[in-house]
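Input: a single structure, listed below in structure tokens.
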Amino acid sequence: MMLPRMCTFLCLLQILSAFGQDKLVWHDVRQWGLEGRGWADKERHRWFDRLPAQGDETVTEAVWSLSRHSAGMMVRFKTDATAIHARWKVMHPKLGMPHMPPSGVSGLDLYARGPDGEWRWAAATMPTKQEMEARLLGGIAPGEHEFALYLPLYNGTESLEIGVPAEAVFEGLLPRKAKPLVFYGTSITHGACASRPGMAHPAILGRWLDMPVINLGFSGNGKMHQAVGDFMVEIDAAAYIIDCLPNMHAAMVKERCVPFVKRLREARPHTPIILVEDRRFPNAWLIPSKSKFHDENHAALRTAYETLKGEGIASLHYLEGDGLLGDDFEGTTDASHPNDLGFLRQAQSFAPVLRAAIGLE
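Residues 0 to 360 in numbering that gives the first Met the number 0 are what the sequence shown spells out, letter by letter.
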């Protein structure tokens with residue numbers, strides 16, 4: 000006699016659940032656009048790709064594949080909803096990596112602008128499959144709030160919709176027209192190994208400086224490729240941040256750095272350019288070969304910087320690498336890639352140099 004009652008109860012729950020879903024209104028972010036998606040006026044193979052379609056023919060195969068990750072992309076919106084939902088689909092079934100959790104590789108990360116105007120973390124996701132639907136946040140205080148939602152760092156995004164209750168007011172905020180910070184670099188720039196997308200240092204700096212950011216981190220393949228530079232100069236940037244040294248050795252730096260910077264400066268005579276040394280492995284003090292690698296890399300970049308300055312290249316800035324992760328050896332996941340603490344420290348090191356370069360001091 001209990002079975003029919005149980006069935007009735009379960010059916011009622013299903014009906015109520017379905018009714019609740021019907022009350023959500025879904026907003027496709029493609030309707031108003033993302034920040035961090037450069038070259039918005041150019042054709043793409045996929046809407047969430049970081050490079051335009053022509054990159055398939057000009058950059059290396061590895062860079063092209065990595066450019067299909069949605070690292071650095073962020074969508075803003077305003078709503079008075081008391082709950083915010085999301086549904087999204089990622090490109091690859093591998094949602095995480097041994098040293099980086101699915102929440103950073105394939106997840107979403109929600110921030111809200113506080114009463115002081117500063118961005119504050121609000122919610123993150125824990126992906127378990129390629130196509131997900133989740134309530135990001137519920138019980139939100141009454142009133143209209145501005146939100147920023149960061150996309151997956153190390154996976155491609157196929158689709159993304161934001162859901163709010165039908166009675167809520169919702170406004171998708173157009174990408175800001177301010178000049179963006181353009182970061183070109185390695186897996187560290189790309190976001191490895193942040194626990195969630197908003198913790199990569201380009202994203203942190205974007206919030207601190209309240210500026211759009213374009214992330215051109217290409218894992219192990221950010222190597223001052225001229226083909227990438229040719230794309231970069233198409234963006235009227237607030238600054239170009241070149242952070243490729245962890246993927247390079249001294250001879251490569253000597254060969255590529257000066258012509259790469261000259262190409263940027265030729266196309267953009269006044270845009271600040273920041274050259275960044277690589278961080279030191281926290282265990283390099285124990286391993287002489289690693290320490291030697293860093294010494295040689297830093298010396299090669301410093302020589303390139305002095306050469307460029309000597310040739311009259313203006314608005315060129317330099318960030319030393321020794322302090323990027325702090326001095327307590329706790330800033331990495333695997334001796335190479337920052338953990339969240341390391342990313343925070345990197346942002347703290349970058350911020351004053353960027354402020355000086357773009358005139359925010």
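Glycine residues also receive a C-beta, built at the ideal position from the N, C-alpha and C atoms.
Quantities reported herein were computed from a predicted structural model and do not represent experimental measurements.
- Query: Nearest to A61 by alpha carbon, out of S105, R119 and S218?
  - Reply: S218
- Using 8 Å as the threshold, is the segment 208-225 in touch with the segment 59-77, meaning 3 or more CB pairs across them? As far as the Cβ criterion goes, the segment 208-225 touches the segment 59-77, which means the pair count is three or higher.
- Based on the DSSP output, what are the partners of R75 in its beta bridges? A147 and L172
- Should F47 and T156 be called a contact, given that it needs their Cβ atoms to be closer than 7 Å? yes
- Task: Note down, one range per segment and in chain order, each alpha helix (DSSP H) of at least 4 residues found wholly within the segment 42-106.
- Result: 54-57, 60-65 and 101-104
- Query: Using the beta-carbon count (16 or more within 10 Å), is A356 buried or exposed?
  - Reply: buried
- With a CB to CB cut of under 6 Å and the five nearest residues on each side skipped, what residues in its chain are close to S290? A283
- Item | Selected residue, minimal CA-CA separation from Q345, among P268, G358 and D321 | Distance from the Cα of Q345 is smallest, within the candidate group P268, G358 and D321, for D321.
- Query: Helix or strand or just coil, what does DSSP make of L204?
  - Reply: Here L204 carries a helix assignment [DSSP, helix/strand/coil].
- How many angstroms separate the CA atom of F76 from the CA atom of G205? 16 Å
- Using beta-carbon positions only, say whether I161 and A85 come within less than 7 Å of one another. yes
- Message: According to DSSP, M131 sits in a beta bridge with which residue or residues?
- Response: W87
- Task: Express the C-alpha separation of S314 and Q30 in angstroms, rounding to a whole number.
- Result: 37 Å
- Would you mind stating whether H98 and C192 have Cβ atoms separated by less than 7 Å? yes
- Within its chain, find whatever has a CB closer than 6 Å to the CB of H44; leave out the 5 residues flanking it on each side and keep chain order. A52
- Message: Rounded to the nearest angstrom, what separates K128 and L148 at their Cα positions?
- Response: 19 Å
- Message: Determine whether the beta carbon atoms of A177 and V232 lie at a separation below 7 Å.
- Response: no
- Message: From the DSSP secondary-structure annotation, give me the bridge partner or partners of R119.
- Response: Paired residues: A111.
- Item | Entirely enclosed alpha helix (DSSP H) segments - the segment 234-285, minimum 4 residues | 249-266
- Message: Just to confirm the assignment, what range does the beta strand (DSSP E) spanning V28 have?
- Response: First-last for V28: undefined, no H or E at that position.
- Residue range of the beta strand (DSSP E) that includes V163: Counting along the chain, the beta strand (DSSP E) containing V163 begins and ends at T156 to P164.
- Message: Please report the straight-line C-alpha distance between Q20 and H26, rounded to a whole angstrom.
- Response: For Q20, the pLDDT reaches just 48, beneath the cut-off of 50, and the residue's location in the model is therefore unreliable, although a value from the coordinates is still provided. Going from the Cα of Q20 to the Cα of H26 covers about 14 Å.
- Item | Reduced DSSP category for I287 - H, G, I as helix; E, B as strand; rest coil | First, the amino acid is wrong: residue 287 is Pro here, not Ile. Three-state result, P287: helix.
- Item | Nearest-angstrom Cα separation, counted from V163 out to P337 | 35 Å
- Task: Can you check DSSP and say which residues form a bridge with E310?
- Result: Answer by DSSP bridge pairing: none, since E310 is not bridged.
- Message: For the pair the segment 182-190 and the segment 201-215, tell me if three or more CB-CB distances fall below 8 Å.
- Response: yes
- Taking the C-alpha atoms as reference points, what is the distance between W38 and D327? 40 Å
- Item | Straight-line Cα distance separating I187 from D79 | Each residue's Cα considered, the two are about 36 Å apart.
- Task: Reducing DSSP to helix, strand and coil, say where H316 ends up.
- Result: strand
- Buried/exposed call for E166, threshold 16 Cβ in 10 Å: exposed
- Item | Cβ pair R262, G228 closer than 7 Å | yes
- Would V168 be called buried (16 or more neighbouring beta carbons within 10 Å of its own) or exposed? exposed
- Give the straight-line distance between the Cα atoms of K41 and E117, rounded to the nearest whole angstrom. 33 Å
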